[in-house]
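*Asks:*
There are 2 protein chains.
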Amino acid sequence: MASVDVGVALLGYGTVGASVSRMLAESGDEIERATGHRLRVIRALVRDTAKERSFPAADGVLTTDFAAIRDDPNINVVAEVMGGLEPAGGYVRELLRAGKPVVSANKQLVAREGAELFATASAAGVQLRFEASVCAAIPVVKVLRESLIATNVHRILGIVNGTTNFILSRMERGDSYADALAEAQELGYAEADPSDDVNGADAAAKMAILATVAFGSRVAIDEVETRGITEIEPAHVAAAADLGMVVRLVGIATLANEAVDVRVQPAFVARSHPLAAVDGAFNAVMLQGDAIREITLEGPGAGGTETASAVVADLVSVVGTAGTGFLQNDACWRELDRLDPNAWRSPFYVHLDVADRPGVLAHAASRLAAHEVSVAQLVQRLGDGQAALDLVLHEAPLGQVAAALAEISAFPEVLGRPFVAPVVSDRSL
Amino acid sequence: MASVDVGVALLGYGTVGASVSRMLAESGDEIERATGHRLRVIRALVRDTAKERSFPAADGVLTTDFAAIRDDPNINVVAEVMGGLEPAGGYVRELLRAGKPVVSANKQLVAREGAELFATASAAGVQLRFEASVCAAIPVVKVLRESLIATNVHRILGIVNGTTNFILSRMERGDSYADALAEAQELGYAEADPSDDVNGADAAAKMAILATVAFGSRVAIDEVETRGITEIEPAHVAAAADLGMVVRLVGIATLANEAVDVRVQPAFVARSHPLAAVDGAFNAVMLQGDAIREITLEGPGAGGTETASAVVADLVSVVGTAGTGFLQNDACWRELDRLDPNAWRSPFYVHLDVADRPGVLAHAASRLAAHEVSVAQLVQRLGDGQAALDLVLHEAPLGQVAAALAEISAFPEVLGRPFVAPVVSDRSL
């Protein structure tokens, strides 16, 4: 097939944009071999055309005029690599309506306005791809939408925030939370303001996107039950180690009884579980489905070239499917209810501090039994006049566990509030 | 887009074929939503149309006449799920020449005749997809060909044989090789004749396919340096454990200096390495490339529905890219030399049994130093009159390590032959 030029425009020409531009130039032969087309960046929208760039654009490519991109019939596909909700969102909508396929690396935009953008793309009969918006180069969106189409993915487990993974890994070696965070900042894994990482908001945005794509129903970021890692203490990490587990910030998306539950929280992960092996700032996503049992994808979840690599893959995929109608459907094709959080089932870890007096254990055990929650593992450690109880509970509905713990906490011998975290394990608990 | 029927034919209607047929029927809505097409199995080639099937074909679908498939203009894509080199290979060639895209689940065929088949498909201007031929549902071929197109993958590490992974995992718990193999056979993870698994031939076929796709140059299965696990003893597994490692059958494909090396052998894998966490009969493939650092895909590497899931994904991808020219290039587009095996670099583990006499260690160290091989770690254990030396060597060319070991073995105090295995580790050794 004779080579045909495909005009590419970029919205934004920062680290990612310059990297995309460089990759399209340097891998032009590979892309042409696979697609039959030469992808050329012919316009890039910037605020300041005079600024220095790590990979300079060709003469005349940089522009400050969005309409010059939207209205140029020679531009066949646009990569949005500018970030932020506006003006990026407005631009993407205008481009889709103008019939231009869009590739977006914008996590906030897709997490907040994905459902509307998917509908806009579908109505316009063009593709919107967004691999780079979740976990950089890990091709989880492509695998969900193209490889697992007939497999009914009903559960996603994800370590989707590298900063918290790095901090919790470091705490295993005995570092305090504060020291681990400081090291993450020093190494560039955490921002000067790490709030969105450590409070779980970043992971919640990614899990919202993944759940939306996997289940075909909109999951708004505010519907993700989110708890960060700021309350995690060395004692929790040590307790996990005693049980053969590690503490990780885990996103869990569940489709059960035609209802959806998405949550992000510190979880106790068995060392033998694939997610426990995810190192430092890496990300991993485990997809569980009917035909495939489970497939896990792991890799760097951030980084300029990693993100650019996903943008380039999406551009190639848009070109490789042009005119076929493929993936022009609305990714949100149904409206599923939200699962009653009390009905969400998991094994759990519970820590209780109690006065070292007879009967406390019997009381706790009877309250759990009354709510049909059974104990898989129990470790009691004595301190001065008080005891620490570490419990691993068999899978049970969250509501029953919470009800039992409320009754247990009301017992005067129980000191402070119980600490509860889901357990992620290979063995069915 | 109005739904259009796409006629699908199957070559073979055994476990995988019946599963593909079932999935296309049960996931028809999902597939139509994504592609705009309804995929229908309208012909399936079998030897005996009267045989009972787990998912019976509709009336008139089963046929014993290959020409009825090749010459039917209503058949748009064919899935080869019959296995074996012939007649499957002849059928696939004829179909491609007749302009029909083919999806193959046939590892032996793609590993042995892939290069010719890719060229045939390219010349005919149709796609040949073969995701299911490697690691069942793990979408590694799609990720290599579509997601990592601009990323120059230069190294692949794979645990691509579930049987040996299961056996070696069991040996860590103290089982003998024979007991572990017997258990694998009992659980259905190993065939009655497990030769191709334990001698590495199965893994070699998969690594040959992966290397061919990743590097764009034909790697014949006979060019894969292959060593199985039959010589692995509990002592090796114990020595690995002492070093914080596990023994695994690892495939390593390397592109260095425009030359290719592919090998399958028992390796010592650091417990902290993602491949060490791959459990039992699961498979994992790690892809290392310029822009992505590394991406690891893990999942079930075998199974009827898992394989069928990959076939369905390929069928969907063929339909989703029809008429675009995408992936109609010859996947073997260059001819790379084979790397001189002596130039292949790795850290290594070495075990030596030596007489417990002064000077042996000094001798071994001096021979290694003479060949510029340096020692990262050394453990000496004394037995009755003899000693066992476990060495971890820093990364060095295989030729230099082999030369040093030949000189060391010639020393009369060295008993028997050294045991050598590459080390797979996160840390650069």
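Same order as they appear, the protein sequences are chains A and B.
Note that the numbering used here has the first sequence beginning at 1, numbered continuously upward.
Note that the numbering used here has the second sequence beginning at 1001, numbered continuously upward.
Cβ coordinates follow ideal geometry from the N, Cα and C atoms, glycine included.
It should be emphasised that the depicted structure is a prediction, and the values quoted were computed from it without experimental measurement.
Are there 16 or more other CB atoms within 10 angstroms of the CB of Gly1251 (chain B), so buried, or fewer, so exposed?
*Replies:* Answer is buried; the Cβ neighbour count reaches 16.
*Asks:* Got a sec? Which residues, its chain only, sit under 6 Å from Gly125 (chain A) by beta carbon, not counting five neighbours each side?
*Replies:* The residues are Gln328.
*Asks:* Considering Gln1328 (chain B), what are the terminal residues of the beta strand (DSSP E) in which it resides?
*Replies:* Per DSSP, Gln1328 (chain B) belongs to no beta strand (DSSP E) and is neither H nor E.
*Asks:* In three-state terms, what does DSSP make of Arg1417 (chain B)?
*Replies:* DSSP places Arg1417 (chain B) in strand when its eight states are reduced to three.
*Asks:* Which residue from A:Leu10, A:Ser27, A:Ala201 and A:Gln288 puts its Cα closest to that of Ser147 (chain A)?
*Replies:* Nearest C-alpha to Ser147 (chain A): A:Gln288.
*Asks:* For Gly1084 (chain B), does the count of other Cβ atoms within 10 angstroms reach 16, so buried, or fall short, so exposed?
*Replies:* Classification for Gly1084 (chain B): exposed.
*Asks:* Using only alpha-carbon positions, find the residue among A:Ala281, A:Arg263, A:Val285 and A:Arg248 that is nearest to Val269 (chain A).
*Replies:* Val269 (chain A) has its Cα closest to that of A:Arg248, out of A:Ala281, A:Arg263, A:Val285 and A:Arg248.
*Asks:* Closest to Leu1368 (chain B) by C-alpha separation, out of B:Gln1108, B:Val1350, B:Asp1356 and B:Arg1022, would be which residue?
*Replies:* Closest by alpha carbon: B:Val1350.
*Asks:* Jot down the residue ranges of each uninterrupted alpha helix (DSSP H) in the stretch 1335–1378 of chain B, minimum 4 residues, whole runs only, in chain order.
*Replies:* Segments of the alpha helix (DSSP H) lying fully in the stretch 1335–1378 of chain B: 1360–1370.
*Asks:* I'd like to know whether the C-beta of Asp5 (chain A) is nearer than 9 Å to at least one C-beta of chain B.
*Replies:* Closer than 9 Å: no.
*Asks:* Residues of the stretch 1055–1082 of chain B in Cβ contact with chain A at a cutoff of 9 Å, in chain order, please.
*Replies:* The residues in question: there are none.
*Asks:* Determine the burial state of Ala136 (chain A): buried for a count of at least 16 other Cβ atoms within 10 Å of its Cβ, exposed for fewer.
*Replies:* Classification of Ala136 (chain A): buried, given that the 10 Å Cβ count is 16 or more.
*Asks:* Between the stretch 270–277 of chain A and the stretch 1276–1296 of chain B, do at least 3 Cβ pairs fall closer than 8 Å?
*Replies:* Yes, the stretch 270–277 of chain A touches the stretch 1276–1296 of chain B.
*Asks:* Could you say which of B:Gly1320, B:Leu1393 and B:Glu1225 lies nearest to Glu1032 (chain B) if we only look at CA atoms?
*Replies:* If we check each option's Cα against that of Glu1032 (chain B), B:Gly1320 comes out closest.
*Asks:* Output the distance between the C-alpha atoms of Asp1290 (chain B) and Pro1418 (chain B), rounded to the nearest integer angstrom.
*Replies:* In a straight line, the C-alpha of Asp1290 (chain B) is about 36 Å away from that of Pro1418 (chain B).
*Asks:* What residues match up with Arg248 (chain A) in a beta bridge as DSSP calls it?
*Replies:* Bridge partners of Arg248 (chain A): A:Ala267.
*Asks:* Identify whether Met1001 (chain B) lies in helix, strand or coil by the three-state DSSP scheme.
*Replies:* Because the pLDDT at Met1001 (chain B) is just 41, under 50, the model does not fix this residue reliably, and the value given afterwards should be weighed accordingly. Looking at Met1001 (chain B) - three-state DSSP - the assignment turns out to be coil, as it is neither helix nor strand.
*Asks:* What do you reckon, are the CB atoms on Val78 (chain A) and Lys100 (chain A) nearer than 9 Å?
*Replies:* Cβ atoms of Val78 (chain A) and Lys100 (chain A): closer than 9 Å.
*Asks:* By the DSSP assignment, the beta strand (DSSP E) with Gly89 (chain A) in it spans what residues?
*Replies:* Where Gly89 (chain A) is concerned, there is no enclosing beta strand (DSSP E), although the alpha helix (DSSP H) it sits in stretches over Ala88 to Arg97.
*Asks:* Please state the DSSP three-state secondary structure of Pro1300 (chain B).
*Replies:* Pro1300 (chain B) falls in the strand class under three-state DSSP.
*Asks:* Between which residues of its own chain and Glu1131 (chain B) is the CB-CB distance below 7 Å, once the five residues before and five after are set aside?
*Replies:* The answer, listed in chain order, is Pro1139, Val1141, Lys1142, Ala1310, Ala1313 and Asp1314.
*Asks:* May I have a chain-ordered list of the alpha helix (DSSP H) segments no shorter than 4 residues that lie completely inside the stretch 1037–1084 of chain B?
*Replies:* Listed in chain order, the complete alpha helix (DSSP H) runs (minimum 4 residues) inside the stretch 1037–1084 of chain B are 1067–1070.
*Asks:* So does the stretch 1344–1363 of chain B actually touch the stretch 1400–1414 of chain B, counting three or more Cβ pairs closer than 8 Å?
*Replies:* Counting Cβ pairs under 8 Å, three or more are found: they touch.
*Asks:* Can you name the residues of chain B whose CB is closer than 9 Å to the CB of Leu327 (chain A)?
*Replies:* Under the 9 Å cutoff, chain B gives Ala1034, Thr1035 and Gly1320.
*Asks:* Measuring alpha carbon to alpha carbon, tell me which of B:Ile1229, B:Ala1240 and B:Ser1317 ends up nearest Ala1204 (chain B).
*Replies:* Out of B:Ile1229, B:Ala1240 and B:Ser1317, B:Ile1229 has the C-alpha closest to the C-alpha of Ala1204 (chain B).
*Asks:* I'd like the list of long-range same chain contacts for Arg1129 (chain B), defined as Cβ closer than 7 Å, with 5 residues on each side in sequence excluded.
*Replies:* The residues are Val1103, Asp1314, Ser1317 and Val1318.
*Asks:* Out of curiosity, what's the CA-to-CA distance linking Glu430 (chain A) and Ile1149 (chain B)?
*Replies:* The structure shown does not extend to residue 430 (chain A), since chain A spans only 1 to 429, so no value can be given for it.
*Asks:* Is DSSP giving Thr15 (chain A) helix, strand or coil here?
*Replies:* Helix.
*Asks:* Assign Ala364 (chain A) to buried or exposed, taking buried as 16 or more other Cβ atoms, counted over all protein chains shown, within 10 Å of its Cβ.
*Replies:* Answer is buried; the Cβ neighbour count reaches 16.
*Asks:* Tell me the DSSP secondary structure of Gly1475 (chain B) in three-state form.
*Replies:* Any answer about residue 1475 (chain B) is impossible in this case: the structure gives chain B only from 1001 up to 1429.
*Asks:* Considering only the beta carbon of each residue, do Val260 (chain A) and Ala267 (chain A) sit closer than 9 Å?
*Replies:* In this structure, Ala267 (chain A) does not lie closer than 9 Å to Val260 (chain A) by Cβ.
*Asks:* Going by beta-carbon coordinates alone, are Ala9 (chain A) and Ile75 (chain A) separated by less than 9 Å?
*Replies:* Yes. Within cutoff.
*Asks:* Relative to chain A, which residues along the stretch 1132–1143 of chain B have a C-beta separation below 9 Å, given in chain order?
*Replies:* For the stretch 1132–1143 of chain B, which is checked against every Cβ of chain A, the residues closer than 9 Å are Ala1136, Ala1137, Ile1138, Pro1139, Lys1142 and Val1143.
*Asks:* Would you kindly work out how many angstroms separate the C-alpha atoms of Tyr1177 (chain B) and Leu1168 (chain B), rounded to a whole number?
*Replies:* Answer to the nearest angstrom: the Cα atoms are 8 Å apart.
*Asks:* Cα separation between Leu393 (chain A) and Gln377 (chain A)?
*Replies:* So the two alpha carbons sit approximately 7 Å from each other.
*Asks:* May I ask which residues mark the beginning and end of the alpha helix (DSSP H) holding Gln1127 (chain B)?
*Replies:* Taken as a continuous stretch (DSSP letters only), Gln1127 (chain B) belongs to no alpha helix (DSSP H), as it is neither H nor E.
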